[in-house]
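Enquirer:
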Amino acid sequence: MNRKLPTWKKLTGIALGLLLAADIGLGVFLWQSYREGPESMSAQRDLLATQAKLLAADVARGEQIRASLPQIGDDCDRFYRQWFLDGASGYSAIETDLAAIARKAGVKTSGFTFKQEEVKGRGVTQVLITTGVDADYPAVLEFINGLEHSKNFYLLGDLRLDSVTTGGIRLDLELHAYFRT
Amino acid sequence: MKLRLNLSSAPQENNRPFLLAAAVAGTLSLLALAILAHAAVRSWQANRSLRADTAHWEQEIRANRQRQQALKIYFQSPPARRVLDRAAFLNSLIGERSFPWTKIFMDLEQTLPAGVRIVKISPRLVSGRAEVELEVGAASDEGKIQFLEAIEKSKVFSGLQVKQERHIDQSGSSDRVMFTLSVWYTIAWS
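Chains as they are written, first to last, in numbering that gives the first Met the number 0: chain A, 0 to 180; chain B, 0 to 189.
Here it is as structure tokens:
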């Protein structure tokens, strides 16, 4: 039996087929979208946003430091001039200053020994000063306080205390001073 | 008399089932198409916004990485390096100088029981905190324990570690026990 489908039926079938194909196409698109997951995309976006903000803050801080670098350089120069003694007259200035601090505190020093060492690349020479003082406890404290508040830059290192037969204290100390080079 | 005769060569076909099925299938397909299209548009819109945001942040990161690289090159240049090294050196000296020697003596004075004395003090600045090594002499074990308890209870000293201890049998010395310890000292920066 040779029955041919009428044209309108063919057209109806084609139209229905196209509709079904469109449904399947959209279904596949949606499935892929959900598989990628808006949540994971959103999480990825948030992670990138956090990274970008941290990086921006880091860059802003770096640019701030770069902008202030000339000022920092000037401050360093001023500090060197103000606090570090000139190498040419440093020793006499230190001796005078330490003697004045000791006199004011009422302590007796056993003299000073100096050891000079250049600090490479820093533009300064470090002078290690060792001394010992004999006095009672308040005077020793007064001497330390004087060193701490001197107009010269001293760094106190190790302090060694010992009681002496006269009833006072013997303080052996190391301190560092710096000369401009 | 009238006779109803069908004289066509092919019998008339009943199209109703086809039409019904096509109508049902068409309606369902159209309905599904509408629902899926709506969902697809919404999903595409939502993802488009996310993709745009992601691209925006990626672009920001790329731009800031370039600026960061430029800064890195600048800070590694000899003039910048010189200033930064100098500033770090001075800051370390200033940090060391700010150690409050007079105050630590006064604080130690409050913790020292009778018969205990400080022999040596060596401070060291570690990340802005002062670690102080103390060498202490005590006339008795009781005095030593009282001192350690006082340090442990102190508000300015913390993280006590006793490192070494030795007993002295010499008759001329007032100290019977010498011990070395390290403590963190809280500096009240003004």
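For every residue, glycine included, the Cβ atom is placed at its ideal position computed from N, Cα and C.
List the endpoints of the continuous beta strand (DSSP E) containing Thr108 (chain A).
Expert: Its beta strand (DSSP E) spans residues Lys107 to Val118.
Enquirer: Take Glu130 (chain B) as the anchor and find which of B:Ile144, B:Glu108 and B:Glu95 has the nearest alpha-carbon.
Expert: Ranked by Cα distance from Glu130 (chain B), the options B:Ile144, B:Glu108 and B:Glu95 are led by B:Glu95.
Enquirer: How many angstroms separate the CA atom of Ala33 (chain B) from the CA atom of Gly24 (chain A)?
Expert: When rounded, the distance between both Cα atoms is 13 Å.
Enquirer: Distance, Cα to Cα, Glu117 (chain A) vs Thr180 (chain A)?
Expert: 9 Å
Enquirer: For the stretch 119-159 of chain B, list the alpha helix (DSSP H) runs that are entirely contained and at least 4 residues long, ordered along the chain.
Expert: Taking only runs of at least 4 residues, the alpha helix (DSSP H) segments lying wholly in the stretch 119-159 of chain B are 140-152.
Enquirer: Assign Ser28 (chain B) to buried or exposed, taking buried as 16 or more other Cβ atoms, counted over all protein chains shown, within 10 Å of its Cβ.
Expert: buried
Enquirer: What are the boundary residues of the alpha helix (DSSP H) that includes Arg81 (chain B)?
Expert: Pro77 to Arg96
Enquirer: In three-state terms, what does DSSP make of Arg64 (chain B)?
Expert: helix
Enquirer: Return helix, strand or coil for Leu154 (chain A), following the three-state DSSP convention.
Expert: strand
Enquirer: Let me check one thing: in DSSP terms, what residues is Gly131 (chain A) bridge-paired to?
Expert: A:Asp171
Enquirer: Just tell me which of A:Met40, A:Ser39, A:Trp30 and A:Glu38 has its CA closest to the CA of Ala36 (chain B).
Expert: Considering only alpha carbons, the answer is A:Trp30.
Enquirer: Under three-state DSSP, which class holds Gln11 (chain B)?
Expert: Correct three-state label for Gln11 (chain B): coil.
Enquirer: Would you list the one or two residues that DSSP bridges to Val161 (chain B)?
Expert: B:Leu180
Enquirer: Does the separation of the CB atoms of Val123 (chain A) and Phe78 (chain A) fall below 8 Å?
Expert: Taking 8 Å as the Cβ cut-off, Val123 (chain A) and Phe78 (chain A) do not qualify as a contacting pair.
Enquirer: Is the Cβ of Val115 (chain B) closer than 8 Å to any Cβ of chain A?
Expert: no
Enquirer: Measure from the C-beta of Thr112 (chain A) to each C-beta in chain B and report whether the shortest distance is under 8 Å.
Expert: Not flagged as an interface residue toward chain B: Thr112 (chain A), since no C-beta distance is shorter than 8 Å.
Enquirer: Is the distance from the Cβ of Phe113 (chain A) to the Cβ of Ile128 (chain A) below 8 Å?
Expert: yes
Enquirer: Just the chain B side, please: which residues come within less than 8 Å of Pro37 (chain A) by C-beta, in chain order?
Expert: Ser42, Ala45, Asn46 and Leu49
Enquirer: Could you name the residues of the stretch 98-127 of chain B whose beta carbon sits closer than 9 Å to any beta carbon of chain A, in the order they occur along the chain?
Expert: Phe98, Pro99, Trp100, Thr101, Phe104, Met105, Glu108, Arg116, Ile117, Val118, Lys119, Ile120, Ser121 and Pro122
Enquirer: Starting from Phe78 (chain A) and walking both ways along the alpha helix (DSSP H), at which residues does that stretch end?
Expert: Run containing Phe78 (chain A): Pro37 to Trp82, per the alpha helix (DSSP H) assignment.
Enquirer: Any contact between the stretch 141-158 of chain A and the stretch 75-84 of chain B? By contact I mean 3 or more CB pairs, one from each, below 8 Å.
Expert: Flag = no, the stretch 141-158 of chain A and the stretch 75-84 of chain B do not touch.
Enquirer: Take the Cβ of Asn90 (chain B) as the centre, count every other Cβ of all protein chains shown within 10 Å, and call the residue buried at 16 or more, exposed below.
Expert: exposed
Enquirer: With 9 Å as the C-beta to C-beta threshold (strictly closer), list the residues of the stretch 58-72 of chain A near chain B in chain order.
Expert: Val58, Gly61, Glu62, Ile64, Arg65, Leu68, Pro69, Ile71 and Gly72
Enquirer: Below 8 Å between beta carbons is the criterion; list the residues of the stretch 15-27 of chain B that meet it against any residue of chain A, in chain order.
Expert: Phe17, Ala21, Ala24 and Gly25
Enquirer: Under three-state DSSP, which class holds His148 (chain A)?
Expert: coil
Enquirer: By a C-beta neighbour count over all protein chains shown, 10 Å radius and 16 as the cutoff for buried, is Ile13 (chain A) buried or exposed?
Expert: Ile13 (chain A) should be labelled exposed.
Enquirer: Any beta-carbon of chain A closer than 8 Å to the one on Tyr73 (chain B)?
Expert: yes
Enquirer: With three or more C-beta pairs closer than 8 Å as the rule, is the stretch 89-103 of chain A touching the stretch 49-64 of chain A?
Expert: no
Enquirer: Could you tell me the alpha carbon to alpha carbon distance between Leu10 (chain A) and Arg15 (chain B), rounded to whole angstroms?
Expert: Note on geometry: alpha-carbon atoms of Leu10 (chain A) and Arg15 (chain B) lie some 16 Å from one another.
Enquirer: Smallest Cα separation from Arg85 (chain B): which of A:Ala92, A:Glu94, A:Ser88 and A:Ile71?
Expert: Taking each of A:Ala92, A:Glu94, A:Ser88 and A:Ile71 in turn and checking the Cα distance to Arg85 (chain B), the smallest one comes out for A:Ile71.
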